[in-house]
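Novice: Per this note's numbering, residue 25 is the first one in the sequence shown, and the count goes up by one each step.
Here a beta-carbon is modelled for each residue, glycine too, at the ideal position from N, C-alpha and C.
Below is one structure. I have some questions about it.
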Amino acid sequence: VAPDTTRIVGPGAVIEQLPEGLKSQAIPLDMGKTTVVSGVKLTAVAAYNTTPERLRYHARGRGVGFLVELGGKRLYLSGDTEDIPEMRALKDVDVAFVCMNLPYTMTVEQAADAVRAFRPGIVYPYHYRGSDLARFKALVGDDAGVEVRLRDWYAQ
Numbered sequence: 025v026a027p028d029t030t031r032i033v034g035p036g037a038v039i040e041q042l043p044e045g046l047k048s049q050a051i052p053l054d055m056g057k058t059t060v061v062s063g064v065k066l067t068a069v070a071a072y073n074t075t076p077e078r079l080r081y082h083a084r085g086r087g088v089g090f091l092v093e094l095g096g097k098r099l100y101l102s103g104d105t106e107d108i109p110e111m112r113a114l115k116d117v118d119v120a121f122v123c124m125n126l127p128y129t130m131t132v133e134q135a136a137d138a139v140r141a142f143r144p145g146i147v148y149p150y151h152y153r154g155s156d157l158a159r160f161k162a163l164v165g166d167d168a169g170v171e172v173r174l175r176d177w178y179a180q
């Protein structure tokens with residue numbers, strides 16, 4: 025599945041859990057760090073829970089989201105997170121993938137509010153099973169200048 029040329033990038037806490045045979049292909053990238061792999065710039069950004077009853081799922085500093093710079097575009101993959109200040113502070117994001125899946129990540133309202141704050145050109149909600157996508161799209165609205173693209177990520 026992972027030939028010798030494959031690189032696996034993730035936070036140190038994840039890399040530690042890889043099978044021994046894959047660790048040599050792994051590049052640890054913890055929050056706030058940047059690396060370039062095969063011409064793709066990757067920056068690990070914060071991803072964590074803030075709601076007291078959700079803190080047990082994603083502690084600050086353990087998991088990350090990613091900013092990916094490729095072909096002159098900036099992509100944001102939120103990782104499992106809630107609406108956090110670091111997300112709201114993002115700038116110049118062309119395409120964002122934002123999660124919303126209770127109890128582990130954001131509510132539809134949190135996700136829409138965060139998207140309205142950092143205003144990516146395009147947003148795809150993902151990791152959303154059971155969430156109201158139509159409500160998310162309506163809450164982001166047309167006035168934010170964000171194109172909401174809805175996809176069915178779940179196999180039938």
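1) Under 8 Å, with one C-beta from each stretch per pair, do the region 108 to 127 and the region 147 to 156 reach the 3-pair mark?
2) Quick one: using the 10 Å Cβ neighbour count with 16 as the cut-off for buried, is Glu-106 buried or exposed?
3) Mind checking whether Pro-76 and Asp-54 have CB atoms under 8 Å apart?
4) Which same chain residues, not among the five before or five after Asp-137, have their C-beta less than 7 Å away from its C-beta?
5) Of all the alpha helix (DSSP H) runs that stay within the bounds of the region 26 to 73, which reach a length of 4 or more residues?
6) Just list the residues that DSSP pairs Arg-98 with in beta bridges.
7) Since Ala-141 is in the alpha helix (DSSP H), which residue starts that stretch and which ends it?
8) With DSSP as the reference, label Ala-158 as helix, strand or coil.
9) Could you tell me which of Gln-180, Val-170 and Thr-131 sits nearest to Ile-146, measuring between CA atoms?
10) Span of the alpha helix (DSSP H) holding Pro-109?
11) Per DSSP, which residues does Ala-120 bridge with? Please list them.
12) Considering Cα atoms alone, identify which of Val-64, Trp-177 and Gly-165 is closest to Leu-94.
Specialist: In this structure, then:
1) yes
2) buried
3) no
4) Asp-107
5) 36 to 39 and 44 to 47
6) Glu-93
7) Start and end: 132 to 142.
8) helix
9) Out of Gln-180, Val-170 and Thr-131, Val-170 has the C-alpha closest to the C-alpha of Ile-146.
10) Counting along the chain, the unbroken alpha helix (DSSP H) around Pro-109 starts and ends at 109 to 112.
11) Tyr-100 and Val-147
12) Nearest C-alpha to Leu-94: Val-64.
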